[in-house]
Amino acid sequence: MKRRACLLLFCLLLAGCQIPITLITPSAPPRVAERDQPFTLQTGQSARLPAIDLEVAFVTVLVDGRCPTGIQCAATLPVEIELTIVRTGAGVGTPLRLSAHTDNTGAVIPTAPGVVTSAAYDDNTISLLAVTPYPDVQRKPALADYRVTLLVTGGETQQPPAVTATPDSSDASANGALGGAITLAVGETARFAQEQLQLTFDKVNEDSRCPADINCFWSGIVDAQMTFARQGRPAQTFVVGGVTDRQGLVTGPVVGASGPTGWWYEGYTLELKQVLPYPARHDQPIAPADYRAVVVIAAAEKPPPPEPTADASPTPPPFPADNNGLPLLCISEIALTRLAAGASTDQPAALTPPVSQPTLVDEATGDRLCAGQFGADWHLAETSDLGAVWDDFLPDAAGYWVWDDQTEQPVQAP
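Each step along the sequence shown adds one to the number in numbering that gives the first Met the number 0, with nothing skipped, and position 217 is 216.
Spelled out as structure tokens, the structure:
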């Protein structure tokens, strides 16, 4: 049985689950804050950090999709805020949007997937630590009620020294060789003397992989920034990434969400194989300096073919359309939740091209066909899904296939 969104409509009706997009111009006198020390701002207030000549303003809450206390929700969305940041006295600020999942006290869960809890500005990093109050079923917070706790950190950090890469092969030369797996720490550089080539692992840009101690709607991604350089040629900074298993092994990209798993530069390819460590706990974020990336570099005269087009999976085969059949009814609880929270206008139910009944040998086949058409979070609807929550979203069609979760076979609906 799939996860249900049966209480989502109840959440929407009672608690409103949506904060309208309303901008508030910061007007309260700025408070004084310090770098490396948390500070709290109310809506419309700013903080001045004299030591680094910076001013940060909390503009508004764009959307609050957190599940209110007092009820149960099938899923929860982040709270998203807008800040502005500017050098003191410089005039118009730079807008920054941060988002987070929080616990019921409003404290940010640092490693929750699919959110952006921090952003860079010059050599500083602005991190979101808490958003209060937490929504309650009896009372939706007004925009003026919100408070955010922020932390500004920064300054140049000392990077590990460049090292000469030695692939895992036991007979590799001391200067490194192509074709072997190379493990780099953040800031380390792999040098290939004969090829006059070097690769630096700059940092991890994003790690939204689902921590091992919680369950998530999707697995999340990790993106690593690297820089290729070759003597006499311009250096190139790029991002590679994708989905990994819990050993950190890369299983594929997520088109539109992650970087590709490979890169081509000046006659050489890089393939990202592993990113360690894998997040173990949602309340224990990985320190930026603790990451390791395993890559393989090989000679290649031409760029590699395009990456797969589906979420972390090869390009799907042609859809087995049959004009004498019926379409599949596909649904997505994530799309329904995003629609209810005002984060999207996309409909959460859709029909595939028609297929014959014999094509649906099992429910997993229907799930794969739906995912191939609409995305990894879509699946074949079950008869038990045809209830009040989905009624307003069902397509207007003479008939379509759904899966009977009692008889374990496809049936026609409505």
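Where is the CB? At the ideal position from N, CA and C, for every residue including glycine.
The alpha helix (DSSP H) enclosing residue i, as first and last residue numbers
i: glutamate 362; result: 362-373
i: alanine 380; result: Neither: alanine 380 is in no alpha helix (DSSP H) and is coded neither H nor E.
i: arginine 337; result: 332-339
Through-space distance from residue j to residue i, alpha-carbon basis
i: leucine 153; j: isoleucine 51; result: The sequence shown places glycine at residue 153, rather than the leucine named in the question. Glycine 153 and isoleucine 51: Cα-Cα distance of roughly 10 Å.
i: proline 159; j: valine 238; result: Confidence in proline 159 is poor, its pLDDT being 39 and thus under 50, which makes the residue's placement unreliable; the coordinate value appears in the next sentence. If I take the Cα positions, the gap works out to 20 Å.
i: glutamine 408; j: leucine 149; result: 53 Å
i: valine 293; j: proline 259; result: 15 Å
i: glycine 398; j: aspartate 390; result: 15 Å
i: proline 394; j: cysteine 66; result: 28 Å
i: glutamine 193; j: glutamine 230; result: 11 Å
i: glycine 266; j: asparagine 204; result: 26 Å
i: leucine 53; j: aspartate 403; result: 60 Å
i: arginine 47; j: arginine 30; result: 6 Å
i: glutamine 246; j: isoleucine 108; result: 22 Å
i: leucine 359; j: threonine 101; result: 40 Å
i: isoleucine 125; j: glutamate 33; result: 12 Å
i: valine 221; j: proline 134; result: 30 Å
i: glycine 240; j: serine 257; result: 6 Å
i: glutamine 372; j: threonine 351; result: 7 Å
i: tyrosine 145; j: glutamate 270; result: 45 Å
i: glutamine 356; j: leucine 325; result: 8 Å
i: cysteine 329; j: valine 62; result: 27 Å
i: glycine 92; j: alanine 189; result: 39 Å
i: proline 347; j: valine 354; result: 21 Å
i: threonine 21; j: threonine 59; result: Below a pLDDT of 50, predicted positions are generally treated as unreliable, and threonine 21, at 38, falls in that range; the measurement from the model is reported next regardless. Their backbone Cα atoms lie some 7 Å apart in a straight line.
i: proline 210; j: valine 274; result: 14 Å
i: leucine 368; j: histidine 378; result: 8 Å
i: valine 388; j: valine 136; result: 19 Å
i: aspartate 366; j: alanine 375; result: 9 Å
i: leucine 127; j: valine 147; result: 7 Å
i: arginine 337; j: aspartate 345; result: 8 Å
i: alanine 223; j: glycine 261; result: 11 Å
i: valine 114; j: glutamine 197; result: 32 Å
Reference residue i, options the options, closest by Cα
i: valine 85; options: Glu362, Thr243, Trp263 and Asn123; result: Asn123
i: asparagine 103; options: Ile296, Ser117, Ser126 and Gly64; result: Gly64
i: threonine 419; options: Thr236, Ile285, Pro134 and Ala348; result: Since the displayed the chain opens at 0 and closes at 413, residue 419 lies outside it and no answer follows.
i: alanine 363; options: Val401, Leu335 and Pro347; result: Val401
i: leucine 248; options: Pro276, Ile330, Ser207 and Gln372; result: Pro276
i: phenylalanine 191; options: Thr336, Phe227 and Gly365; result: Phe227
i: valine 151; options: Ala143, Ser117 and Asp144; result: Ser117
i: alanine 143; options: Pro132, Gln411 and Val136; result: Pro132
i: glutamate 332; options: Asp321, Phe392, Val55 and Asn322; result: Phe392
i: alanine 99; options: Pro77, Glu81, Ala119 and Tyr120; result: Pro77
i: histidine 281; options: Ala299, Ile213, Ile330 and Thr243; result: Ile213
i: alanine 297; options: Ser343, Gly365 and Leu177; result: Leu177
i: proline 278; options: Tyr290, Thr268 and Lys272; result: Tyr290
i: serine 207; options: Leu196, Thr243 and Val185; result: Thr243
i: tyrosine 120; options: Ala234, Val147 and Thr83; result: Thr83
i: isoleucine 285; options: Lys272, Trp263 and Lys202; result: Lys202
i: threonine 406; options: Glu81, Ser383 and Gly69; result: Ser383
i: alanine 349; options: Asp321, Leu335 and Pro140; result: Leu335
i: methionine 225; options: Thr250, Gly251 and Trp263; result: Trp263
i: proline 49; options: Asp35, Thr268 and Gly179; result: Asp35
Those residues which DSSP pairs with residue i across a bridge
i: aspartate 63; result: Val78
i: alanine 198; result: The identity of residue 198 in the sequence shown is leucine, whereas the question assumes alanine. Leucine 198 pairs with Ala189 and Phe227.
i: glutamate 54; result: Arg47 and Val85
i: glycine 153; result: Asn123
i: alanine 349; result: Cys329
i: valine 388; result: Paired residue(s): none; valine 388 is not in a bridge.
i: valine 205; result: Per the sequence shown, residue 205 should be read as glutamate rather than valine. BP columns for glutamate 205 point to Asp222.
i: valine 354; result: Leu325
i: alanine 184; result: Arg291
i: valine 136; result: Valine 136 pairs with nothing; no bridge assigned.
i: arginine 146; result: Gln41 and Thr131
i: threonine 104; result: None; threonine 104 has no bridge partner.
Limits of the unbroken beta strand (DSSP E) element including residue i
i: alanine 129; result: 123-131
i: serine 98; result: 93-99
i: lysine 272; result: 267-275
i: leucine 359; result: Counting along the chain, leucine 359 falls outside any beta strand (DSSP E), and DSSP gives it neither H nor E.
i: valine 115; result: Premise fails: valine 115 is in no beta strand (DSSP E) and is neither H nor E.
i: phenylalanine 237; result: 232-243
i: tyrosine 264; result: 261-264
i: phenylalanine 38; result: 38-41
i: valine 295; result: 291-298
i: glycine 178; result: No beta strand (DSSP E) holds glycine 178; DSSP gives it neither H nor E.
i: glycine 251; result: 249-251
i: alanine 412; result: 408-412
i: aspartate 403; result: 399-403
Neighbour flag for residue i against chain B, beta carbons, 9 Å
i: aspartate 212; result: The structure shown contains no chain B, having only a single protein chain.
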